[in-house]
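Novice: One structure follows; several queries about it will come next.
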Amino acid sequence: MTRKLLILLFFLVTCFAESQNLEWKTSVVDAITLSNEERKPLLIFFTAANAPENLQNEVFKTLEFEKWSRRNVILLKLDLSDAAVSSEIKEQNIKLKNAFGVANLPEVCYTTGSIRNGKTAFNLLGRLPYNSNGVKAFISDSNLILNPE
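Under mature numbering (1 follows the signal peptide of the UniProt record, and there is no 0), the letters of the sequence shown match residues -19 to -1, 1 to 130, in that order.
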């Protein structure tokens, strides 16, 4: 009996641990490379230390978002207040934020990218600021951007 409970507990812990393992890239170059290999657009999450965490708590930390994102996008998180990032990378991320027209943090941009001859180019598909309608609305709005009809 104890052995069965331990096996069940192990199974539940493993499932829960896997369900919260989103893989956020932090390098633009790595994210673009993976995006092109897997033929998926980038979801760029622009944030900072002082930005509200509603988007993360209400959308990104859900199992529904995890399943959707694994099938549809490559996740790239650009924290504009990250002290561990070099000043060159921080400046690059701020330029990218401004080029995409991101005014308020947090905000999500969908894009495709390429690197040719050392130059990075992006094709902005759309932006999605935070709204409090939950994960289903976020996924629905994202699908409209990624699959325009």
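C-beta atoms are modelled at their ideal positions from N, C-alpha and C, and glycine is treated no differently.
How about Y91 and P22: do their beta carbons lie closer than 8 Å?
Specialist: Cβ distance < 8 Å, so Y91 and P22 count as in contact.
Novice: Whole alpha helix (DSSP H) runs in the segment 91 to 122 with 4 or more residues, listed along the chain?
Specialist: Segments of the alpha helix (DSSP H) lying fully in the segment 91 to 122: there are none.
Novice: Could you tell me which residues DSSP pairs with V89 in its beta bridges?
Specialist: DSSP output for V89 lists F26 and L109 as bridge partner(s).
Novice: For S50 and L56, I'd like the C-alpha separation in whole angstroms.
Specialist: S50 and L56: Cα-Cα distance of roughly 8 Å.
Novice: Considering K58, what are the terminal residues of the alpha helix (DSSP H) in which it resides?
Specialist: Taken as a continuous stretch (DSSP letters only), K58 belongs to no alpha helix (DSSP H), being part of the beta strand (DSSP E) at I55 to D60.
Novice: Can you tell me whether residue 144 is helix, strand or coil according to DSSP?
Specialist: Absent from the model: residue 144. The displayed extent of the chain is -19 to 130, so no value can be given.
Novice: Name the residue from F26, E69, N2 and S16 whose alpha carbon lies nearest to the alpha carbon of K78.
Specialist: Ranking the options by Cα distance to K78, first place goes to F26.
Novice: Quick one: grab the DSSP three-state call for K6.
Specialist: In this structure, K6 counts as strand in the three-state DSSP scheme.
Novice: Could you work out which residue in T101, T93 and R20 is closest to R52 when comparing CA atoms only?
Specialist: Of the candidates T101, T93 and R20, the one whose C-alpha sits nearest the C-alpha of R52 is R20.
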